[in-house]
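Residue numbers (my numbering): 11 to 148. Glycine is no exception: its CB is placed at the ideal position from the N, C-alpha and C atoms. All of these numbers come straight from a predicted model, not from anything done at the bench.
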Amino acid sequence: MNPGTLCPCGSAAPYDACCGRFLDHHQRPETAEALMRSRYSAYVQARADYLLRTWHASTRPARLDFSDAGKTTWLGLKVVRTEAGGPNDLQGAVEFVARYKVAGKAHRIVEISRFVRENGQWFYLDGASSPVTKPVRR
11 MNPGTLCPCG SAAPYDACCG RFLDHHQRPE TAEALMRSRY SAYVQARADY
61 LLRTWHASTR PARLDFSDAG KTTWLGLKVV RTEAGGPNDL QGAVEFVARY
111 KVAGKAHRIV EISRFVRENG QWFYLDGASS PVTKPVRR
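What follows is the structure in structure tokens.
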């Protein structure tokens, strides 16, 4: 991303000062929410490398397919709530809503993601999504 560009995670901070610190290997997220936001930014950029690196080994897929990534326009992220997941916690959960468009139709993902911290590093463990992600009616 260009320097000074706002971070796609919705923090209103420049990308380089927000999720860019993590995606470009400079720092590790200190909280579960920071990891979740950085993973959203990685989805926006189709950064499978970062997503796999921050996925817990016990649940990590072998690969991610972003072949259709060009058809998706990410519209925004809203953090609904967090539970634990602080710098001194070993577990945490983040509930969020991510909005996106595919072929001109708006969609949203509602998920509660679970995270674990091992050896000082946060990892995405798994998530419980709403039963069906439906197009948003306008």
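**Message:** Using the three-state DSSP reduction, which class does ARG73 fall into: helix, strand or coil?
**Reply:** As a first step, residue 73 must be located in the sequence shown, where it is residue number 63. Three-state result, ARG73: coil.
**Message:** For a quick check, are the C-beta atoms of VAL107 and MET46 less than 8 Å apart?
**Reply:** Position 97 of the sequence shown, counted from the start, is the residue given in the question as residue 107. Position 36 of the sequence shown, counted from the start, is the residue given in the question as residue 46. Cβ atoms of VAL107 and MET46: not closer than 8 Å.
**Asked** Between ARG31 and the ligand GDP, is the CB less than 7 Å from at least one heavy atom?
**Response** The model depicted lacks the ligand GDP and carries no ligand whatsoever.
**Neighbour-count burial assignment, ARG91, 16 or more Cβ in a 10 Å radius** = Numbered from its first residue, the sequence shown carries residue 91 at position 81. Classification for ARG91: exposed.
**Request:** List the DSSP bridge partners of LYS115.
**Result:** Along the sequence shown, one-based indexing puts residue 115 at 105. Answer by DSSP bridge pairing, in chain order: VAL112.
**Message:** For ALA94, list the residues DSSP reports as bridge partners.
**Reply:** Your numbering for residue 94 matches position 84 in the sequence shown. ALA94 pairs with GLY102.
**Span separating the alpha-carbon of ARG148 from that of TYR110** = Your numbering for residue 148 matches position 138 in the sequence shown. Your numbering for residue 110 matches position 100 in the sequence shown. Model confidence at ARG148 stands at a pLDDT of 48, short of 50, so the residue's coordinates are unreliable and nothing is read from them.
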